[in-house]
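Visitor: Can you read through this structure? Questions will come right after.
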Ligand SMILES: *[C@@H]1O[C@H](CO)[C@@H](O)[C@H](O)[C@H]1NC(C)=O
Ligand SMILES: *[C@@H]1O[C@H](CO)[C@@H](O)[C@H](O)[C@H]1NC(C)=O
Ligand SMILES: *[C@@H]1O[C@H](CO)[C@@H](O)[C@H](O)[C@H]1NC(C)=O
C-alpha cells in the first residue's frame, strides 16, 4: 500500500511540472500579446471553490491541446490581482472561461469537463463556417455531430446573414456550407440557397416567412428533439422560448411505469414532430429535486410535466397518462390554452419564491452541518431573546403592571428584525437575477 502511494506521489511529481507548463500564468502584459493568437483563458479568484475544482481539469486541457498540436494557447489569470484586465474582458463571476480570437471574445458556459471544454475550444477557434466540398465529407460530419446547420448554395445575401449568425452562435453548435452537388442523395431541396438543420436523423429547412429571423430560428433549433435534461440544459432550453415536456423519472429505480412514460414522451417527440417541434422540446429528467425547487412543490416520480420557462408556469395532467392519444391531447390543450396553468411569475409567486429559497437555504445549512446552522441562526435569535429578557426583567423590577405594556413594545423590535432579514433576502434574489442576466449575454 505504502509503496503504491509513494509511487503515485512520484508520478504526480514527475507529471505535474510537465503539465503545468502548458498553462500560462497571465498578467497585464497579456492584453498586447493576445491579438495575434488564439487564447483559451480561465479567469479565477484564489478563494473560489469552483476554480479549485476546475484547476486539474484546466491543466489537462492545456496538456491535451498541446499534445494534439493545436494552435490554441491555454492560460489562466488571477482576476483579483489583474482586475482592470479582467473587467475589460467583462469578467463578472469566477471561474469565467473565454476563448479569445482576434478582438472577439467567446464565453464558455457548458459543463466544466475536459472533453466539453476542448470540443468548445476547437469549434470556436476554427472557421465559423466550415466548407463541405464533397458528399463524402458531408456524410462524414452527419455521422459525427448530432446537430449541425448547413448553408446550401452559392454566394447570396442569405449566406452573408448566415455567416453573421454563425459567428455569434458558434459557441453553441457547428455551421457548415456546401454546394448542391455535395448534398447526400436523400436530401432534396425545393429552392436554393437554403439553410437546413440536420438532427434527429432528418433535416428541417429554414423558412424566412414562417420562422422569422435566422438567428432566432437557429437558437430554437440547436437542440435535438429529445434530450436527457438536467438543470443546466433546462436553463439553456428556456432560452429557445419553447415549452419543455419532461418525463420525471428515477434513473436508479426505473420502474415499468417510468419506462412507459419515457417511451410515450419519446414517441410524441418523433411521431408528432411536425405538429409540436416548433413549440416543444421533449426529454426526461432524473429525479424530481430540480423540478420541485423550480415549481416550489412536489411532482410525483414518475410523472409528466410541461414547463413554460418564459413565465415559470407549468402544466400537469389531472390523471395518470395511459395512452399516446391522451398525452397528445394534453399537449394540444397546453398549446391552445385550455389546459390549467399552475405557478407563474406573478407577485404572489415571487413572494413565495423568496420564502421558499430562504427556507431551502436554512434547511441545506442545517443538513450539511447542524452545528453551523445552530450557530448561524440560533445565535441571533438567542441574542434577541436575551435582549428581550433583559429589557423585560430590568423594567419589571419597578412594577409588575408595566410589564405587559413593555412586552408589547418589545415585540415590534422583533418584527423589524424579520423585515430587515426579508430585505436582505430580496437583495440576494436580485443579485441572483443579475447573475442570470449576465449569463444570458452570449458573446461580448
Ligand atoms: C438518408 O438515408 C439514410 C439511409 O436510409 C438514413 O440513415 C439517413 O438518416 C437519411 N438522412 C437524412 C438526412 O434524411
Ligand atoms: C422502486 O420504486 C418502487 C415504486 O415507487 C418502490 O416500490 C420500490 O421500493 C423502489 N425500489 C428501490 C430499490 O428503491
Ligand atoms: C409561455 O409564456 C409566454 C411568456 O409569458 C407566453 O407568451 C406564452 O403564451 C406561454 N405559453 C403557453 C402555452 O402558455
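In mature numbering (1 follows the signal peptide of the UniProt record, and there is no 0), the protein residues as written are -21 to -1, 1 to 423.
Where is the CB? At the ideal position from N, CA and C, for every residue including glycine.
Are the beta-carbon atoms of residue 306 and residue 363 separated by less than 9 Å?
Guide: Numbered from its first residue, the chain shown carries residue 306 at position 327. Numbered from its first residue, the chain shown carries residue 363 at position 384. Not in contact: residue 306 and residue 363 (Cβ atoms no closer than 9 Å).
Visitor: Rounded to whole angstroms, what's the CA-CA distance from residue 437 to residue 267? Just pull it up for me.
Guide: The structure shown has nothing for residue 437, since the chain only spans -21 to 423.
Visitor: Distance check for residue 40 and residue 436, CA to CA, integer angstroms please.
Guide: Since the first residue of the chain shown is -21 and the last is 423, residue 436 is not available in this structure.
Visitor: Between the Cα of residue 68 and the Cα atoms of 54, 114 and 86, which residue gives the shortest distance?
Guide: As a working mapping, residue 68 is identified with position 89 in the chain shown. The shortest Cα separation from residue 68 among 54, 114 and 86 belongs to 86.
Visitor: Between residue 105 and ligand 3, is there a pair consisting of the residue's CB and a ligand heavy atom that are separated by less than 8 Å?
Guide: Within the chain shown, the letter at position 126 stands for residue 105. Answer for residue 105: no, Cβ out of range of ligand 3.
Visitor: Quick check on the DSSP output: the beta strand (DSSP E) that includes residue 153 runs from which residue to which?
Guide: Within the chain shown, numbered from 1, the residue matching residue 153 stands at position 174. Segment 153 to 157, the beta strand (DSSP E) holding residue 153.
Visitor: Just to confirm, does residue 260 get its C-beta within under 8 Å of one of the non-hydrogen atoms of ligand 3?
Guide: Looking up residue 260 in the chain shown gives position 281. No, the beta carbon of residue 260 sits no closer than 8 Å to any heavy atom of ligand 3.
Visitor: Go through the residues and name those whose CB comes closer than 7 Å to any heavy atom of ligand 3, in chain order.
Guide: That query returns the following residues: 222, 287, 289, 290, 292, 313, 314, 316 and 320.
Visitor: Could you have a look at residue 300 and say whether DSSP puts it in helix, strand or coil?
Guide: By one-based count along the chain shown, residue 300 stands at place 321. It is coil, neither helix nor strand.
Visitor: Quick one: is residue 18 buried, meaning 16 or more other Cβ sit within 10 Å of its Cβ, or exposed?
Guide: Taking the chain shown and counting its residues from 1, the one referred to as residue 18 is at position 39. So residue 18 counts as buried.
Visitor: For residue 60, which three-state DSSP category applies?
Guide: Against the chain shown, residue 60 aligns to sequence position 81. The answer is coil: DSSP assigns residue 60 none of H, G, I, E or B.
Visitor: Answer yes if the stretch 6 to 13 comes into contact with the stretch 22 to 33, meaning at least three C-beta pairs across the two stretches below 8 Å, and no otherwise.
Guide: Too few Cβ pairs lie closer than 8 Å, so no.
Visitor: What is the DSSP secondary structure of residue 396, counted as helix, strand or coil?
Guide: Within the chain shown, the letter at position 417 stands for residue 396. With a pLDDT of 39 at residue 396, under the threshold of 50, the modelled position of this residue cannot be trusted; read the value that follows with caution. If DSSP states are grouped into helix, strand and coil, residue 396 belongs with the helices.
Visitor: Quick one: give me the first and last residue of the beta strand (DSSP E) that residue 287 is part of.
Guide: Stepping through the chain shown from its first residue, residue 287 is reached at position 308. Element bounds for residue 287: 282 to 287.
Visitor: Look up residue 109 in the DSSP assignment and give the residues it is bridged to.
Guide: The count along the chain shown starts at 1 and reaches residue 109 at position 130. Note: residue 109 sits in a beta bridge opposite 155.
Visitor: Any chance the stretch 193 to 207 sits against the stretch 148 to 156, with 3 or more Cβ pairs inside 8 Å?
Guide: At 8 Å Cβ cutoff, the stretches touch.
Visitor: Whose CA, out of 1, 211, 153 and 70, lies closest to the CA of residue 111?
Guide: Translated into the one-based positions of the chain shown, residue 111 becomes position 132. Out of 1, 211, 153 and 70, 153 has the C-alpha closest to the C-alpha of residue 111.
Visitor: Pull the bridge partners of residue 76 from the DSSP assignment, please.
Guide: For the purposes of this step, residue 76 is taken as residue 97 along the chain shown, with counting starting at 1. Bridge partners of residue 76: 21 and 87.
Visitor: Look at the alpha carbon of residue 325 and the alpha carbon of residue 252, and state the distance between them as a whole number of angstroms.
Guide: Within the chain shown, numbered from 1, the residue matching residue 325 stands at position 346. Within the chain shown, numbered from 1, the residue matching residue 252 stands at position 273. So the two alpha carbons sit approximately 32 Å from each other.
Visitor: Whose C-beta lies closer than 6 Å to the C-beta of residue 140 among residues of the same chain, with five residues either side of it excluded?
Guide: Here residue 140 refers to the residue found at position 161 when the chain shown is read from its first residue. The answer, listed in chain order, is 193.
Visitor: Is it true that the stretch 219 to 237 meets the stretch 154 to 169, where meeting means three or more beta-carbon pairs spaced less than 8 Å apart?
Guide: The stretch 219 to 237 is not in contact with the stretch 154 to 169.
Visitor: Would you check if there are 3 or more beta carbon pairs closer than 8 Å linking the stretch 168 to 177 to the stretch 211 to 220?
Guide: Taking 8 Å as the limit for Cβ pairs, the verdict is that the stretch 211 to 220 does not touch the stretch 168 to 177.
Visitor: Give the secondary structure of residue 251 by DSSP, where H, G and I count as helix, E and B as strand, and everything else as coil.
Guide: Within the chain shown, residue 251 is the residue found at index 272, counting from 1. Coil, per DSSP.
Visitor: Which same chain residues end up closer than 8 Å to residue 90 when comparing Cβ atoms and leaving out the 5 residues on each side of it in sequence?
Guide: Walking along the chain shown from the start, residue 90 turns up at place 111. Counting only Cβ-Cβ distances below 8 Å, and skipping sequence neighbours, we find 211.
Visitor: In chain order, what are the residue ranges of uninterrupted alpha helix (DSSP H) at least 4 long that sit wholly in the stretch 116 to 168?
Guide: Whole alpha helix (DSSP H) segments, 4+ residues: 136 to 148.
Visitor: From residue 300 to residue 287, what distance separates their C-alpha atoms?
Guide: Within the chain shown, numbered from 1, the residue matching residue 300 stands at position 321. Within the chain shown, numbered from 1, the residue matching residue 287 stands at position 308. Distance between the alpha carbons of residue 300 and residue 287: 20 Å.
Visitor: Cα-Cα, which of 104, 71, 75 and 93 is closest to residue 443?
Guide: Because residue 443 is not part of the residues shown, which for the chain are -21 to 423, the question remains open.
Visitor: Determine the burial state of residue 75: buried for a count of at least 16 other Cβ atoms within 10 Å of its Cβ, exposed for fewer.
Guide: Locating residue 75 in the chain shown gives position 96, counting from the first residue. Buried, because 16 or more other Cβ atoms sit within 10 Å of the Cβ of residue 75.
Visitor: Between the stretch 117 to 132 and the stretch 45 to 60, do at least 3 Cβ pairs fall closer than 8 Å?
Guide: No, because fewer than three Cβ pairs between the stretch 117 to 132 and the stretch 45 to 60 fall closer than 8 Å, the two stretches do not touch.
Visitor: If we ignore side chains and look at the alpha-carbon of each, how far apart do residue 124 and residue 277 end up?
Guide: Residue numbering aside, residue 124 sits at position 145 when the chain shown is read from its first letter. Residue numbering aside, residue 277 sits at position 298 when the chain shown is read from its first letter. Between residue 124 and residue 277, the C-alpha separation is close to 36 Å.
Visitor: In the DSSP assignment, the alpha helix (DSSP H) including residue 100 goes from what residue to what residue?
Guide: Against the chain shown, residue 100 aligns to sequence position 121. 93 to 104 is the span of the alpha helix (DSSP H), which, as asked, contains residue 100.
Visitor: Pick out whichever of 191, 137, 189 and 127 has its Cα sitting closest to the Cα of residue 176.
Guide: As a working note, residue 176 is residue 197 in the chain shown. It is 127.
Visitor: Quick one: what does DSSP say residue 170 is sitting in, helix, strand or coil?
Guide: The residue given as residue 170 occupies position 191 in the chain shown. In this structure, residue 170 counts as coil in the three-state DSSP scheme.
Visitor: Of all Cβ atoms in chain C, is any one closer than 9 Å to the Cβ of residue 305?
Guide: In summary, chain C is missing from the structure at hand, where a single protein chain is found.
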